[in-house]
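Chemist:
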Amino acid sequence: MDFFSKQTQIDFLKLRNVAFAFSALLIIASVASLATRSLNFGLDFTGGTLIEAGFESTVDLDAVRTSMDAAGFSDYIVQQFGDASSIAVRLAPRGGEESNAELSSAVLEALQQSGQGEIDIRRVDFVGPQIGKELAEKGALAMFWVLVGILLYISLRFQWRFSVGAVAALMHDIIITIGILSFTHLQFDLTVVAALLAVIGYSLNDTIVVFDRIRENFQGMRKTGPLQVVNISINQTISRTIVTSGTTLLVLAALYYFGGDAIAGFALTLIIGIGVGTYSSIYIASAITLKLGVSREDLLERKVEKEGAKLDSMP
């Protein structure tokens with residue numbers, strides 16, 4: 339018999355307090371990592387210049403750094419980009435009126451001094467520090483207004499207890515995902531911000547599916563307690579969650595391994611976020627709603643008796 343045709347009977351909420359403790363530890367660790375390690379901001383936010391170069395053979399990074407130091411460059415990062423014969427050089431904003439062409443020529447000359455054969459400058463990107471600051475502010479504002487909009491939407495569609503649970507779960511997902519990015523020191527740029535917004539949308543959709551089933555079951559299971567209704571609802575939607583998350587993660591894994599460095603950060607952030615979001619839809623959003631005391635009466639439509647209405651039977 340097909341596994342997904344069966345309804346599971348797992349007591350998910352039995353471990354809700356353990357899940358709360360586990361999530362609290364992850365959030366504390368994420369905040370600590372952000373406070374101590376910060377984020378590895380890309381040029382989109384810090385400003386500066388990114389130069390990608392290709393060599394004929396495997397690059398000796400130590401030789402490249404020695405040549406950069408000898409050429410007078412101080413605040414820079416050299417790392418492999420893509421294969422072993424390609425590098426990316428990130429330079430902090432430099433004073434003066436030096437053009438991109440002059441800067442790339444200076445870097446090319448420094449790289450040639452490393453004695454590693456012919457060099458091909460493939461890409462030069464420049465972002466001013468003021469633009470980077472504006473992008474950081476707008477990215478933060480985008481996330482804030484998304485959460486506010488979600489709070490209002492779910493309050494209108496369901497009930498305020500559901501909206502608090504959903505927003506708490508989304509904040510849980512974002513904080514932990516950003517904390518993992520901080521801990522691993524992956525580059526944080528605009529593609530990662532886009533991935534975080536996509537994580538919010540994915541996690542919210544997963545949560546609303548569960549909430550919708552909870553609402554239906556509250557209205558249909560009149561003699562069942564809130565804890566049992568929520569547990570049954572999660573079990574009824576778990577197969578859909580597994581299939582959706584599994585197929586999405588397969589696509590993202592392919593993007594991460596075969597899509598190249600340009601979208602690696604985007605794909606990896608989504609992989610982390612979807613994993614955390616699937617967990618929060620089951621153990622955080624529904625459990626918080628239950629903690630807030632949601633009941634069947636909260637979801638019933640209240641009938642208002644018209645003014646002047648009279649009882650059919652009078653003494």
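With the numbering used here applied, the sequence shown has no gaps in its numbers, which climb one by one up to 653 at the end.
Ideal Cβ placement from N, Cα and C applies to all residues, glycine included.
Is it buried or exposed, I580, if we count other Cβ atoms within 10 angstroms and call 16 or more buried?
Modeler: With fewer than 16 other Cβ atoms within 10 Å, it is exposed.
Chemist: With a cut-off of 8 Å on the beta carbons, I'd call D511 and G385 a contact; round off their distance for me.
Modeler: Not quite, the Cβ-Cβ distance comes to about 29 Å (not below 8 Å), so this is no contact.
Chemist: If the criterion is Cβ atoms closer than 7 Å, does the pair A507 and T607 meet it?
Modeler: Against a cut-off of 7 Å, the Cβ pair of T607 and A507 comes out as no contact.
Chemist: Considering only the beta carbon of each residue, do V397 and I366 sit closer than 7 Å?
Modeler: No, these two residues do not count as a Cβ contact at 7 Å.
Chemist: Quick one: grab the DSSP three-state call for T387.
Modeler: T387: strand per DSSP, three-state reduction.
Chemist: DSSP beta-bridge partners for S424?
Modeler: DSSP output for S424 lists G392 as bridge partner(s).
Chemist: My parser needs the alpha helix (DSSP H) runs of 4 or more residues fully inside the segment 581 to 638; what are they?
Modeler: Counting whole runs of 4 or more residues, the segment 581 to 638 contains the alpha helix (DSSP H) stretches 599 to 618, 624 to 629.
Chemist: Kindly identify the DSSP beta-bridge partner or partners of Y491.
Modeler: Y491 pairs with nothing; no bridge assigned.
Chemist: Which runs of the alpha helix (DSSP H) at least 4 residues long sit entirely within the segment 496 to 533? Give them in chain order.
Modeler: List check, alpha helix (DSSP H) in window: 498 to 522.
Chemist: Exposed or buried, what is Y595 when buried is set at 16 or more other beta-carbons lying within 10 Å of its beta-carbon?
Modeler: Y595 comes out exposed.
Chemist: Is it right to say S452 is buried, meaning 16 or more other beta carbons lie within 10 angstroms of its own, or is it exposed?
Modeler: S452 should be labelled buried.
Chemist: Could you tell me which residues DSSP pairs with R330 in its beta bridges?
Modeler: Residue 330 is absent from the structure shown; the chain starts at 339 and stops at 653.
Chemist: Work out the CA separation of G420 and G597 for me, nearest whole Å.
Modeler: So the alpha carbons of these two residues sit roughly 10 Å apart.
Chemist: Can you give me the Cβ contacts of S655 inside the same chain, cut-off strictly under 7 Å, excluding the 5 residues immediately before and after it?
Modeler: The chain is shown from 339 up to 653; residue 655 falls before or after that span and cannot be answered.
Chemist: With distance defined between alpha-carbon atoms, name the residue in A592, I626, F526, E456 nearest to E394.
Modeler: Closest option to E394, Cα to Cα, is E456.
Chemist: Assess, as a yes-or-no matter, whether the segment 404 to 421 is touched by the segment 369 to 385 under the definition of 3 or more beta carbon pairs within less than 8 Å.
Modeler: Output reads no: the segment 404 to 421 does not touch the segment 369 to 385.
Chemist: Ends of the alpha helix (DSSP H) at V356?
Modeler: It spans 354 to 374 - the alpha helix (DSSP H) in which V356 sits, taken as one unbroken run.
Chemist: Answer with buried or exposed for G584, where buried requires no fewer than 16 other C-beta atoms within 10 angstroms of its C-beta.
Modeler: Answer is exposed; the Cβ neighbour count stays below 16.
Chemist: How big is the Cα-Cα spacing for V502 and A625?
Modeler: Spanning the two alpha carbons is a distance of roughly 11 Å.
Chemist: Using a 10 Å radius around the Cβ and a threshold of 16 neighbouring Cβ atoms, would you call F482 buried or exposed?
Modeler: Exposed, by the Cβ-count rule.
Chemist: What residue does the beta strand (DSSP E) around V416 start on, and which one ends it?
Modeler: Residues 414 to 418.
Chemist: What's the call for D463, buried or exposed, on a 16-neighbour Cβ count within 10 Å?
Modeler: D463 is exposed by the Cβ-count criterion.
Chemist: If contacts are defined as beta-carbon pairs under 8 Å, then L351 and L628 qualify, I think. What distance do you get, rounded to the angstrom?
Modeler: Right, their Cβ atoms sit about 7 Å apart.
Chemist: Excluding the five sequence neighbours on either side, which residues of its own chain have a C-beta within less than 8 Å of the C-beta of E643, listed in chain order?
Modeler: Reliability of the predicted coordinates at E643 is poor, the pLDDT of 45 falling under 50, and no value is obtained from them.
Chemist: If you run the structure through DSSP and keep just helix, strand and coil, what is F379?
Modeler: Three-state DSSP puts F379 in a strand.
Chemist: D382 to G558, Cα distance in whole Å?
Modeler: In a straight line, the C-alpha of D382 is about 51 Å away from that of G558.
Chemist: Residues in its own chain within less than 8 Å of A647 by CB, not counting five upstream and five downstream?
Modeler: Bear in mind that a pLDDT of 45 at A647, under 50, signals an unreliable position, so the model cannot answer this.
Chemist: Would you check if the segment 515 to 525 and the segment 478 to 496 touch, i.e. whether three or more CB-CB distances between them fall below 8 Å?
Modeler: In short, these stretches do not touch, since the Cβ pair count stays below three.
Chemist: Classify I572: buried if its beta carbon has 16 or more other beta carbons within 10 angstroms, exposed otherwise.
Modeler: I572 comes out buried.
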